[in-house]
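Structure first, commentary second.
Number of protein chains: 2
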Amino acid sequence: MTSRLTHSLRSDAQDNRERILAAARTAFAEQGLDVAMREIARRAEVGPATLYRHFPTKEALVTDVFTEQMAACTAIVDEGLADPDPWRGFCRMIERVCELHALDRGFTAAFVSAFPSAIDLAADRERALGKAAELARRAKAGGKLRPDFVLDDLIMVLMANGGIRTTSPAAAVAASRRFAALLIQGMRAEPAIPPLPPAVRLPLAAL
Amino acid sequence: MTSRLTHSLRSDAQDNRERILAAARTAFAEQGLDVAMREIARRAEVGPATLYRHFPTKEALVTDVFTEQMAACTAIVDEGLADPDPWRGFCRMIERVCELHALDRGFTAAFVSAFPSAIDLAADRERALGKAAELARRAKAGGKLRPDFVLDDLIMVLMANGGIRTTSPAAAVAASRRFAALLIQGMRAEPAIPPLPPAVRLPLAAL
DNA sequence: ACGCTATCGGAACACCCCGTCCGTTTAGCT
DNA sequence: AGCTAAACGGACGGGGTGTTCCGATAGCGT
Numbered sequence: 001m002t003s004r005l006t007h008s009l010r011s012d013a014q015d016n017r018e019r020i021l022a023a024a025r026t027a028f029a030e031q032g033l034d035v036a037m038r039e040i041a042r043r044a045e046v047g048p049a050t051l052y053r054h055f056p057t058k059e060a061l062v063t064d065v066f067t068e069q070m071a072a073c074t075a076i077v078d079e080g081l082a083d084p085d086p087w088r089g090f091c092r093m094i095e096r097v098c099e100l101h102a103l104d105r106g107f108t109a110a111f112v113s114a115f116p117s118a119i120d121l122a123a124d125r126e127r128a129l130g131k132a133a134e135l136a137r138r139a140k141a142g143g144k145l146r147p148d149f150v151l152d153d154l155i156m157v158l159m160a161n162g163g164i165r166t167t168s169p170a171a172a173v174a175a176s177r178r179f180a181a182l183l184i185q186g187m188r189a190e191p192a193i194p195p196l197p198p199a200v201r202l203p204l205a206a207l
Numbered sequence: 001m002t003s004r005l006t007h008s009l010r011s012d013a014q015d016n017r018e019r020i021l022a023a024a025r026t027a028f029a030e031q032g033l034d035v036a037m038r039e040i041a042r043r044a045e046v047g048p049a050t051l052y053r054h055f056p057t058k059e060a061l062v063t064d065v066f067t068e069q070m071a072a073c074t075a076i077v078d079e080g081l082a083d084p085d086p087w088r089g090f091c092r093m094i095e096r097v098c099e100l101h102a103l104d105r106g107f108t109a110a111f112v113s114a115f116p117s118a119i120d121l122a123a124d125r126e127r128a129l130g131k132a133a134e135l136a137r138r139a140k141a142g143g144k145l146r147p148d149f150v151l152d153d154l155i156m157v158l159m160a161n162g163g164i165r166t167t168s169p170a171a172a173v174a175a176s177r178r179f180a181a182l183l184i185q186g187m188r189a190e191p192a193i194p195p196l197p198p199a200v201r202l203p204l205a206a207l
């Protein structure tokens, strides 16, 4: 979906479009969705008007940027679904989706509070959630996932994971790993006690 | 701390001050710390200047508002500490703190820190965290809390709990209850499988 | 090489925010 | 009731945001 109608664009236009998307990706990943459009334009070394010609509104830009992240999300669920052991697939899905969200501060926001008109994003999300529900169903059938788990729990976990703020991407990954492990342990139907991933120092600014 | 120097204020001034604090409390609770000062003044039926005379900066207002919430937090930890069964005290502490945060969207932000000069808040927070650490130590000694639990995990849980967005306060409480239960289950050293609190429908805006 | 036109980008618009100034109101004491 | 100082609140400035206008630029077919 990155190369949709790009062939009908002039060479410099296409170049700018790609630089804008790249800049928006990193900006959203680092600072969340609240980055100013000007800031994105500045990073892409482009005027604000150019940005707005390629993406008529901020929402359009966000939608375009996160379409591929959503695809990555779906791929992760699919891989979990492909695992012969549904419980292991379920666990890996949760871990990897949490890590994906942890590495991109904007993605959780884009995922959860879909914009009024980001229909493609919402549709993709529903598809991914449907598959996740099937995976959960199988994991329950296997007796490893607690039967009272519901799909909304997964959304809750994603929202919660998005609330964790860290200083570096590395810390974000580590925190999300530990967080996911804690939750997976809580979701287990017949528990054992594997060790948690290492603890993470969380930034309490102005301590 | 609500009535510190209020006696030296003129009657209307004191009245306004209290209305401002009340308005700020509910506004912060409902919408988080990002409410406009003007909005708070409007809710308190007061001009912006009046608001700024009583609280020279937004940060001062936030600090004053959340001092009592912080006290409530400390009280919760103390009650947990007072429980003869440290594990039960630990669990109740987590549940109640999560609920407290769920009912006040701004509190998590104010707690996690945020402000450069909210010294009292930070100090109170450190005290509460220290007590929580002691409670965790006892719960570990009792063999019920997994030994690799660390204090940062508690902060992580609070941050995560703050990421959960709901539509109504009732839903927020229900969600935080379920969330806390899931995590407590994950923190248990020797697990059993109690049923989770009821599931919560989470708002995925637009569909 | 030329010119047509798609594309660019700085400046500008409308809006909202925080925090302040100053003329008006009002509490409270005599 | 009258006076004075304390308190009020509408209007202001500076800065930020998303978005648009229009003159300048530069790709590309001829």
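Heads up: the sequence lines are chains Y and W, in that order. Position 66 of the first sequence, counted from 1, bears residue number 66 in UniProt numbering, the numbering being contiguous throughout. Position 173 of the second sequence, counted from 1, bears residue number 173 in UniProt numbering, the numbering being contiguous throughout. Glycine included, C-beta positions come from ideal geometry on N, C-alpha and C.
task: Use the C-beta contact count for residue 206 of chain W: other C-beta atoms within 10 angstroms, 16 or more gives buried, fewer gives exposed.
output: Here residue 206 of chain W refers to the residue found at position 206 when the second sequence is read from its first residue. In this predicted model, residue 206 of chain W has a pLDDT of only 40, less than 50, meaning its place in the structure is not dependable enough to derive any value.
message: Is there a Cβ of chain W sitting closer than 8 Å to that of residue 94 of chain Y, yes or no?
response: In the first sequence, counting from the first residue as 1, residue 94 of chain Y sits at position 94. Not one chain W Cβ lies under 8 Å of residue 94 of chain Y.
field: Proximity to residue 121 of chain Y [Cα-Cα], best of Y/62, Y/99 and Y/95
entry: For the purposes of this step, residue 121 of chain Y is identified with residue 121 of the first sequence, where counting begins at 1. Per the Cα distances, Y/62.
- prompt: Where does residue 129 of chain W fall in DSSP's three states?
  reply: Position 129 of the second sequence, counting from 1, holds the residue named residue 129 of chain W. The answer is helix: DSSP assigns residue 129 of chain W an H, G or I state.
query: When the Cβ atoms of the region 145-160 of chain W are set against those of the region 170-188 of chain Y, are three or more pairs found closer than 8 Å?
result: yes
- prompt: Rounded C-beta distance between residue 129 of chain Y and residue 157 of chain Y? I'm assuming under 8 Å.
  reply: On the first sequence, residue 129 of chain Y is found 129 positions in, with the first residue counted as 1. On the first sequence, residue 157 of chain Y is found 157 positions in, with the first residue counted as 1. No, residue 129 of chain Y and residue 157 of chain Y are not in contact; Cβ-Cβ is about 12 Å, not under 8 Å.
message: So, with DSSP's three-state summary, where would you put residue 188 of chain Y?
response: Along the first sequence, read from residue 1 onward, the residue named residue 188 of chain Y stands at position 188. When DSSP states are grouped into helix, strand and coil, residue 188 of chain Y belongs to the strand group.
field: Residue burial classification, residue 34 of chain W (beta-carbon count within 10 angstroms, cutoff 16)
entry: Taking the second sequence and counting its residues from 1, one reaches residue 34 of chain W at position 34. Residue 34 of chain W should be labelled exposed.
task: Might you give, ordered along the chain, the residues of its own chain that have their beta carbon closer than 8 Å to the beta carbon of residue 188 of chain W, omitting 5 neighbours on each side?
output: On the second sequence, residue 188 of chain W is found 188 positions in, with the first residue counted as 1. Closer than 8 Å at Cβ, skipping near neighbours: 144, 145 and 146.
- request: Taking only beta-carbon positions, decide if residue 179 of chain W is within less than 8 Å of chain Y.
  value: Here residue 179 of chain W refers to the residue found at position 179 when the second sequence is read from its first residue. Closer than 8 Å to some Cβ of chain Y, the Cβ of residue 179 of chain W qualifies, so yes.
query: How big is the Cα-Cα spacing for residue 171 of chain Y and residue 36 of chain W?
result: As a first step, residue 171 of chain Y is located in the first sequence; it is residue number 171 there, counting from the start. As a first step, residue 36 of chain W is located in the second sequence; it is residue number 36 there, counting from the start. Roughly 32 Å between the two C-alpha positions.
Residue 53 of chain Y burial status per 10 Å Cβ neighbour count (16 or more: buried): As a position in the first sequence, residue 53 of chain Y is number 53, starting the count at 1. Flag for residue 53 of chain Y reads exposed.
field: Bounding residues of the alpha helix (DSSP H) (the contiguous stretch that carries residue 58 of chain Y)
entry: Along the first sequence, read from residue 1 onward, the residue named residue 58 of chain Y stands at position 58. Note, residue 58 of chain Y: alpha helix (DSSP H), 58-82.
Assigned secondary structure, residue 145 of chain Y (DSSP; H/G/I helix, E/B strand, else coil): Sequence index remark: in the first sequence, residue 145 of chain Y carries index 145 (1-based). Reduced to three states, the DSSP call for residue 145 of chain Y is strand.
- request: Pick helix, strand or coil for residue 164 of chain W, following the three-state DSSP scheme.
  value: Within the second sequence, numbered from 1, the residue matching residue 164 of chain W stands at position 164. Residue 164 of chain W: coil per DSSP, three-state reduction.
task: Output, in chain order, the set of chain W residues within a Cβ distance shorter than 7 Å of residue 160 of chain Y.
output: Counting from one through the first sequence, the residue named residue 160 of chain Y turns up at place 160. Ordered by position in chain W, the residues that pass the 7 Å Cβ test against residue 160 of chain Y are 160, 161, 163, 164 and 179.
query: Going by C-alpha distance, which of W/109, W/139, W/140 and W/138 is nearest residue 125 of chain W?
result: To locate residue 125 of chain W, count along the second sequence from 1; it is residue 125. Nearest to residue 125 of chain W by alpha-carbon distance, out of W/109, W/139, W/140 and W/138, is W/109.
- prompt: Quick one: what's got a C-beta closer than 8 Å to residue 201 of chain Y's C-beta in the same chain, skipping five residues either side?
  reply: Counting from one through the first sequence, the residue named residue 201 of chain Y turns up at place 201. The answer, listed in chain order, is 171.
query: From W/138, W/123 and W/141, pick the residue whose C-alpha is nearest to that of residue 71 of chain W; which is it?
result: Taking the second sequence and counting its residues from 1, one reaches residue 71 of chain W at position 71. With distances taken between Cα atoms, residue 71 of chain W lies closest to W/123.
- prompt: With 16 as the cutoff for other CB atoms within 10 Å, does residue 119 of chain Y come out buried or exposed?
  reply: By 1-based counting over the first sequence, the position of residue 119 of chain Y is 119. Residue 119 of chain Y counts as exposed, since fewer than 16 other beta carbons sit within 10 angstroms of its beta carbon.
Alpha-carbon spacing of residue 24 of chain Y relative to residue 56 of chain Y, whole angstroms: Start at 1 with the first residue of the first sequence, and residue 24 of chain Y comes out as number 24. Start at 1 with the first residue of the first sequence, and residue 56 of chain Y comes out as number 56. Those two C-alpha atoms are separated by around 14 Å.
message: Could you compute how far the alpha carbon of residue 46 of chain W sits from the alpha carbon of residue 16 of chain W?
response: In the second sequence, the residue the question calls residue 46 of chain W occupies position 46. In the second sequence, the residue the question calls residue 16 of chain W occupies position 16. Looking at the two C-alpha atoms, the distance is approximately 7 Å.
- prompt: Name the chain Y residues whose beta carbon is nearer than 7 Å to that of residue 186 of chain W?
  reply: Stepping through the second sequence from its first residue, residue 186 of chain W is reached at position 186. By Cβ distance, chain Y contributes 182, 183, 185 and 186.
Positions along the UniProt domain "HTH tetR-type" (14-73) of chain Y whose CB lies within less than 9 Å of some CB in chain W: none
message: Check this for me: beta carbons of residue 90 of chain Y and residue 21 of chain Y, under 8 Å apart or not?
response: As a first step, residue 90 of chain Y is located in the first sequence; it is residue number 90 there, counting from the start. As a first step, residue 21 of chain Y is located in the first sequence; it is residue number 21 there, counting from the start. Cβ distance not < 8 Å, so residue 90 of chain Y and residue 21 of chain Y don't count as in contact.
- prompt: With 8 Å set as the bound, which would you pick, yes or no: does the beta-carbon of residue 201 of chain Y sit closer than that to a beta-carbon of chain W?
  reply: What you label residue 201 of chain Y is simply residue 201 of the first sequence in a count that begins at 1. Chain W contact via Cβ: present.
- prompt: Grouping DSSP H, G and I as helix and E and B as strand, with all else coil, what is residue 197 of chain Y?
  reply: Against the first sequence, residue 197 of chain Y aligns to sequence position 197. Residue 197 of chain Y: coil per DSSP, three-state reduction.
message: Considering Cα atoms alone, identify which of Y/161, Y/76, Y/159 and Y/133 is closest to residue 148 of chain Y.
response: Residue mapping note: residue 148 of chain Y aligns to position 148 of the first sequence, counting from 1. Residue Y/133 holds the alpha-carbon nearest to the alpha-carbon of residue 148 of chain Y among Y/161, Y/76, Y/159 and Y/133.
- request: Grab the span of the alpha helix (DSSP H) containing residue 104 of chain W for me, first residue to last.
  value: Locating residue 104 of chain W in the second sequence gives position 104, counting from the first residue. Per DSSP, residue 104 of chain W belongs to no alpha helix (DSSP H) and is neither H nor E.
message: Closer than 9 Å between beta carbons: that is the criterion. Which residues of the region 75-91 of chain W meet it against chain Y?
response: none
field: Reference residue 78 of chain Y; option with closest CA among Y/141, Y/94, Y/101 and Y/66
entry: Residue numbering aside, residue 78 of chain Y sits at position 78 when the first sequence is read from its first letter. Ranking the options by Cα distance to residue 78 of chain Y, first place goes to Y/94.
- prompt: Under the rule that 16 or more other beta-carbon atoms within 10 Å means buried, what is residue 86 of chain W, buried or exposed?
  reply: Counting from one through the second sequence, the residue named residue 86 of chain W turns up at place 86. By the neighbour-count rule (16 or more Cβ atoms within 10 Å), residue 86 of chain W is buried.
- prompt: Distance, Cα to Cα, residue 3 of chain W vs residue 101 of chain W?
  reply: Residue 3 of chain W sits at position 3 when you count from the first residue of the second sequence. Residue 101 of chain W sits at position 101 when you count from the first residue of the second sequence. Because the pLDDT at residue 3 of chain W is just 40, under 50, the model does not fix this residue reliably, and the value given afterwards should be weighed accordingly. Near 24 Å, if we compare the C-alpha coordinates of residue 101 of chain W and residue 3 of chain W.
- prompt: At a CB-CB cut-off below 8 Å, which residues of chain W make contact with residue 175 of chain Y?
  reply: Here residue 175 of chain Y corresponds to residue number 175 of the first sequence, with the count starting at 1. The answer, in chain order, is 156.
message: Starting from residue 8 of chain Y, trace the alpha helix (DSSP H) in both directions and tell me its first and last residue.
response: Taking the first residue of the first sequence as position 1, residue 8 of chain Y is located at position 8. First-last for residue 8 of chain Y: undefined, no H or E at that position.
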